[in-house]
Amino acid sequence: MIVVVGLSHRTAPVQVRERVAGGGESLDGVVASLMARAEVSESLVLSTCNRVEIFATASGAPTDAIRAMRDVFGQHTPMMTGEELATHLFEYGGGEAIRHIFRVASSLDSLVVGEPQILGQLKDAYDAAVASGALGGLLGRCIERSFGVAKRVRTETALGAGSVSISSVAVDLAQRIFGELSSCAVLLVGAGEMAEAATRSLGRGARQLRVCNRSIERAEALAATVDGSVAPWEDLERELATADVVVTSTSARAFVIDSAMVKRVMRLRRGKTLFLIDIAVPRNVEPSVHAIDNVYVYNIDDLEELVAEGMKSRLSEVDAAESIVRDELAVFDVWLRERTVRPTIVALREKIRAVLEAEREKAFSGKLRHLSVEDRNAITHMLDGAANKLLHAPTTRLKSVAGASTGGDSASEFASALQYLFELHDAEAEPKPGDHEAPIALSSSVAASSAWAKLIP
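Written out as structure tokens, the structure is:
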């Protein structure tokens, strides 16, 4: 069974999420720790500014897997106690877990519904899990299918229409407070993806836009896109003294703007209002800065109300997107039920293949030893075709019975009958992520075994 344990913007405020994200380096070992646990057979970790989640396949009882996932989660989140963490964690199993994964990939569970970044982040997490050997035939197939679900939602609905994002909402907030930004000096602290998105909006109207980043090369590249200018990182405090609007989005694990710095800056500004929008997780601006006179700080959670307002045009598409998720869940459920009889089908095909191959080799070394290579190939192809045709009906019918919503018991009975009649030993031959179906061939024992195993999706 697939299980999910994690926290997100729905269950944990930014001050909690940043403490989990703050242990980002330790999260790198989560997959390895999980794969060392007997309760888990597959795993993937998705870590973004709004969520840290573990997807896994339970080797035995789902409750045991969830307990192991919670343990590992706590071990790799040193900035929080187990009790603190537990109050913010959610857990899903079975169909609920699969639905959650589909919704996450489709951006239905995002702070900004319809934003495209989450799919790319999930694909990166998938690639990392595949590279580490942590995905197999169940969770791997589920994640792959989630990509298809996201594509359907993106192409069949207008859920992603418009330019609603955390960065664009931050710009809208600045415009609400200052009106037109044509009289404002804007300072961008950071030059990553979030900063790039904010720059596209801010650069169109600000009187002046400056980019301050540790990497001067990235700052220059970003500033060049909007005819902005660059400020050295060591001049950050001096830049704060002349800016009206400051948008921070660095990946720093500690505050880059603290109360002491802002107090010094405000003395130079002679009380002139300073507006800071902190869209980073972990936060870049120390929360106590907001208590300083004439200084206003908004973090990523503060933007949620504005996000909701900007989402009105998209919300009408949510029902259509949720319907696609339900359809895809039904299809995946059929695949899961068919999967229960797969070992029997693989074993049946392997048994038939082995018998035919043995008889073929016996004939080729006996009465048919005089045949040419071409004739032998022709007989091999004929046997391949005959085997496929003979097995098509039982294979198709067994999968059909298993896929029927009420066919579980019947499928088990049919599978047991096949095992008894053909003296089969169940063979596990789960496909790995990225595997595709291959044609049956009796050209060699090893190749034929692999081909027959992969024939069943």
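At position 281 of the sequence shown (counting the first as 1) the number is 285 in our numbering, and the numbers step up by one without a gap.
Backbone N, C-alpha and C fix where the C-beta goes; we use that ideal spot for every residue, glycine too.
A quick note: this is a predicted structure, and the numbers were derived from the prediction, not measured.
Per DSSP, the unbroken beta strand (DSSP E) holding E57 starts and ends at R55 to A62. Within 10 angstroms of the beta-carbon of A178 lie 16 or more other beta-carbons, which makes it buried. Assignment of F77 by DSSP, reduced to helix, strand and coil, places it in the helix class. Judged by DSSP in its simplified three-state form, I328 adopts helix.
The alpha helix (DSSP H) runs lying completely inside the region 168-243 and spanning 4 residues or more are 170-182, 197-206 and 220-228, given in chain order. 8 Å or more divides the Cβ of S110 from the Cβ of V49. When the beta-carbon positions are compared, L163 and L192 stay at least 8 Å from each other.
By the neighbour-count criterion, in which a residue is buried when 16 or more other Cβ atoms sit within 10 angstroms of its Cβ, T254 is buried. For V301, the enclosing beta strand (DSSP E) covers residues V299 to N303. The DSSP assignment places complete alpha helix (DSSP H) segments of no fewer than 4 residues inside the region 326-372 at 346-368, in order along the chain. Positions of the beta strand (DSSP E) runs, each at least 3 residues long and wholly inside the region 106-169, cannot be given because no such run exists. Boundaries for L48: no alpha helix (DSSP H) harbours it, while the beta strand (DSSP E) harbouring it runs V44 to S51, taken from the DSSP string. For the pair T246 and D282, the CB atoms are not nearer than the 8 Å cut-off. Residue I105 holds the alpha-carbon nearest to the alpha-carbon of G97 among Q125, R218 and I105.
Nearest Cα to D239 within the set A362, R380 and N217: N217.
Annotation: V18 to Y300 spans about 17 Å, alpha carbon to alpha carbon. Residue pairing from DSSP places G97 in a beta bridge opposite V7. For E88, the closest alpha carbon among the candidates E95, Y424 and A16 is that of A16. The residue among A256, E290 and V285 with its C-alpha nearest the C-alpha of V266 is E290.
Taking a cut-off of 8 Å on C-beta distances, the region 35-44 touches the region 62-79, as three or more cross pairs fall below it. Secondary structure note for L280: its beta strand (DSSP E) is the uninterrupted segment L278 to D282. Here DSSP, grouped into helix, strand and coil, assigns T252 to strand.
In the DSSP assignment, S12 forms a beta bridge with R55.
Taking a C-beta distance under 8 Å as the contact criterion, H80 and V34 qualify as a contact pair. Scanning its chain for C-beta atoms nearer than 8 Å, with the 5 sequence neighbours on each side dropped, one finds around R364 the residues I383, T384, L387 and L446, in chain order. Within the DSSP bridge table, the entry for V24 names no partner. DSSP, reduced to helix, strand and coil, places I70 within a helical segment of the structure shown. By the neighbour-count criterion, in which 16 or more other beta carbons inside 10 Å mark a residue as buried, D331 falls on the exposed side.
For M270, the enclosing alpha helix (DSSP H) begins and ends at S263 to R273. Under the criterion of beta carbons closer than 8 Å, V215 and A223 qualify as touching, at roughly 4 Å. Around S114, the same chain offers I122 as residues with beta carbons nearer than 6 Å, after the five sequence neighbours per side are excluded. Inside the region 373-412, DSSP marks no whole beta strand (DSSP E) run of 3 or more residues. CA-to-CA, the gap between V359 and Q423 works out to about 16 Å.
Taking the C-beta atoms as reference points, I261 is found no nearer than 8 Å to P236. Annotated three-state conformation of V322 is helix, per DSSP.
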